[in-house]
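Here's the structure, in structure tokens; my notes come after.
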Amino acid sequence: MNWIHCNKCSSVPATGKCFFWLTSCGHVFCGECAGIEKGSIVHGTTNSVSCFVCHHNVKAVQIRRGMDQSAAVLFRPPNELLQKLSQFYKIGEIIKFQAWQFASFQRLRQGKDTSQEVYYKQLLQKKDRDLEKALEENKRLNTLLESKEKEIRQLSQQQKE
């Protein structure tokens with residue numbers, strides 16, 4: 001982090017010298033320029049300081065190990081951030097893969113359902129034709145039966161006479 005410097009006096013952190021602060025507006029100041037003494041703060045946070053760059057009253061957080069993660073991320077090496085980003089990319093790829101597989105399964109399932117539907121419709125049509133033929137055969141046989149019964153009655157009548 002050799003790029004950290006006070007946005008007022010351009011000093012850089014030196015071991016054991018002064019402390020540096022990150023303001024809520026995104027500027028960095030050394031403790032001397034900000035007028036912040038280490039003992040005057042509670043848990044590395046100030047109530048309010050005036051920013052030397054944008055002149056707003058802002059909160060300041062001491063730049064140190066163990067600082068709040070939302071601020072600490074600003075000081076992480078870019079390759080570490082890229083590594084985390086690549087993990088998110090992998091998660092994105094996993095989600096994309098699973099979504100594609102699900103869509104493929106749905107398409108195949110729908111196609112299978114459609115082919116089964118066609119099969120059962122054809123089977124039903126065949127059964128309807130078979131039933132129609134059976135009904136026609138039944139009607140023909142009933143007509144034949146009636147005819148034979150009539151013939152038997154006539155022959156029976158003739159025999160009685």
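Residue numbers (UniProt numbering): 1 to 161. A virtual CB, placed ideally from N, CA and C, is assigned to each residue, including glycine.
DSSP state of Phe-29, grouped into three classes?
Counted from its first residue, the sequence shown places residue 29 at position 29. DSSP places Phe-29 in strand when its eight states are reduced to three.
Per DSSP, which one or two residues make a beta bridge with Trp-21?
By one-based count along the sequence shown, residue 21 stands at place 21. The partner list for Trp-21 (beta bridge, DSSP) reads Phe-29 and Gln-62.
Below 8 angstroms on the Cβ atoms is my contact criterion, and I expect Cys-54 with Cys-25 to pass it. Report the Cβ-Cβ distance as a whole number of Å.
Here residue 54 refers to the residue found at position 54 when the sequence shown is read from its first residue. Here residue 25 refers to the residue found at position 25 when the sequence shown is read from its first residue. That belief holds up - the Cβ atoms of Cys-54 and Cys-25 are roughly 5 angstroms apart, short of 8 angstroms.
At the 8 angstroms Cβ level, is Gln-125 part of the contact set with chain D, yes or no?
Absent from the structure is chain D; it holds one protein chain and no more.
Determine the DSSP secondary structure at Asn-57, reduced to helix, strand or coil.
Numbered from 1 along the sequence shown, position 57 holds the residue referred to as residue 57. Asn-57 falls in the strand class under three-state DSSP.
Rounded separation between Glu-151 and Asp-130 - CA only:
The residue you call residue 151 lines up with position 151 of the sequence shown. The residue you call residue 130 lines up with position 130 of the sequence shown. Each residue's alpha carbon lies about 31 angstroms from the other.
Just how far apart, CA to CA, sit Phe-20 and Asn-2?
As a working note, residue 20 is residue 20 in the sequence shown. As a working note, residue 2 is residue 2 in the sequence shown. Using only the alpha carbons, I get a separation of about 13 angstroms.
Can you list, in chain order, the residues of its chain whose CB lies under 7 angstroms from that of Gly-44, leaving out five sequence neighbours each side?
Indexing the sequence shown from 1 puts residue 44 at position 44. Bear in mind that a pLDDT of 46 at Gly-44, under 50, signals an unreliable position, so the number given afterwards is only what the model happens to contain. Closer than 7 angstroms at the Cβ level, and outside the excluded window around Gly-44, lie Val-61, Gln-62, Arg-64 and Met-67.
Using the Cβ count rule (16 or more neighbours within 10 Å means buried), how would you classify residue 170?
Absent from the model: residue 170. The displayed extent of the chain is 1 to 161, so no value can be given.
Alpha carbon to alpha carbon, how far is Glu-132 from Lys-160? Give it in angstroms, no decimals.
Against the sequence shown, residue 160 aligns to sequence position 160. Against the sequence shown, residue 132 aligns to sequence position 132. Each residue's Cα considered, the two are about 42 angstroms apart.
From Cys-6 to Ile-95, what distance separates their C-alpha atoms?
Mapped onto the sequence shown, residue 6 falls at position 6. Mapped onto the sequence shown, residue 95 falls at position 95. Spanning the two alpha carbons is a distance of roughly 44 angstroms.
Rounded to whole angstroms, what's the CA-CA distance from Ala-71 to Ser-48? Just pull it up for me.
Within the sequence shown, the letter at position 71 stands for residue 71. Within the sequence shown, the letter at position 48 stands for residue 48. So the two alpha carbons sit approximately 17 angstroms from each other.
How is Ser-147 classed by DSSP in three states: helix, strand or coil?
Within the sequence shown, residue 147 is the residue found at index 147, counting from 1. Here Ser-147 sits in helix by DSSP.
Given a threshold of 16 other Cβ atoms within 10 Å of its Cβ, counted over all protein chains shown, does Asn-143 qualify as buried or as exposed?
Within the sequence shown, numbered from 1, the residue matching residue 143 stands at position 143. The sequence shown places Thr at residue 143, not Asn. Answer is exposed; the Cβ neighbour count stays below 16.
Roughly how many angstroms separate the alpha carbons of Lys-126 and Tyr-120, rounded to a whole number?
As a position in the sequence shown, residue 126 is number 126, starting the count at 1. As a position in the sequence shown, residue 120 is number 120, starting the count at 1. Between Lys-126 and Tyr-120, the C-alpha separation is close to 10 angstroms.
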